[in-house]
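Asks: Residue numbering for the sequence shown follows this note's numbering, starting at 896 and increasing by one per position.
No residue lacks a Cβ here, since even glycine has one placed at the ideal position from N, Cα and C.
Treat the numbers as computed from the prediction; the structure is a model and nothing was measured.
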Amino acid sequence: MQDHVQRKTLVGEVVGNKMDKTVTVRVDRLVKHPMFLRYMRRSRTFMAHDEQNACQPGDKVRIVESRPLSRRKRWRVMAILERAVTEATRRTP
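(1) From the DSSP output, in three-state form, read off E982 for me.
(2) Indicate whether T919 and M935 have their beta-carbon atoms separated by less than 8 Å.
(3) Look at the Cβ atom of E946, then the Cβ atom of K916, and state whether they are nearer than 8 Å.
(4) Give the DSSP bridge partners of K955, in chain order.
(5) Pull up the distance between the alpha-carbon of R966 and that of P952, whole angstroms please.
(6) With H, G and I counted as helix, E and B as strand and the rest as coil, what does DSSP make of F941?
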């Protein structure tokens, strides 16, 4: 029998791709200050597996939880939701 496990998914921005088949993803969330009742932006970074080395810094991606792939890597890039705007893409007519 196979049990279908619902895995955690997060949406974040790629901040680094210097490693082979690995990207660093920053995930932002809003937290309400307990006293001043204002929302503050808090972020956390995750290492995610990118099999095709397709992600570039600035891309918006969806990552999904997986088994441990290395010491710090426990997430995989599921989809690239939005590509980053770079100089090369701006110049295309």
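Replies: If we stick to the structure as given:
(1) Translated into positions along the sequence shown, residue 982 becomes position 87. For E982, the secondary structure class from DSSP, reduced to helix, strand or coil, is helix.
(2) By one-based count along the sequence shown, residue 919 stands at place 24. By one-based count along the sequence shown, residue 935 stands at place 40. In terms of Cβ geometry, T919 and M935 do not form a close pair [threshold 8 Å].
(3) Within the sequence shown, numbered from 1, the residue matching residue 946 stands at position 51. Within the sequence shown, numbered from 1, the residue matching residue 916 stands at position 21. In this structure, K916 lies closer than 8 Å to E946 by Cβ.
(4) Within the sequence shown, the letter at position 60 stands for residue 955. Secondary-structure assignment with DSSP links K955 through a beta bridge to E908, E977.
(5) Taking the sequence shown and counting its residues from 1, one reaches residue 966 at position 71. Taking the sequence shown and counting its residues from 1, one reaches residue 952 at position 57. Taking the straight line from one Cα to the other gives about 22 Å.
(6) Start at 1 with the first residue of the sequence shown, and residue 941 comes out as number 46. Here F941 sits in strand by DSSP.
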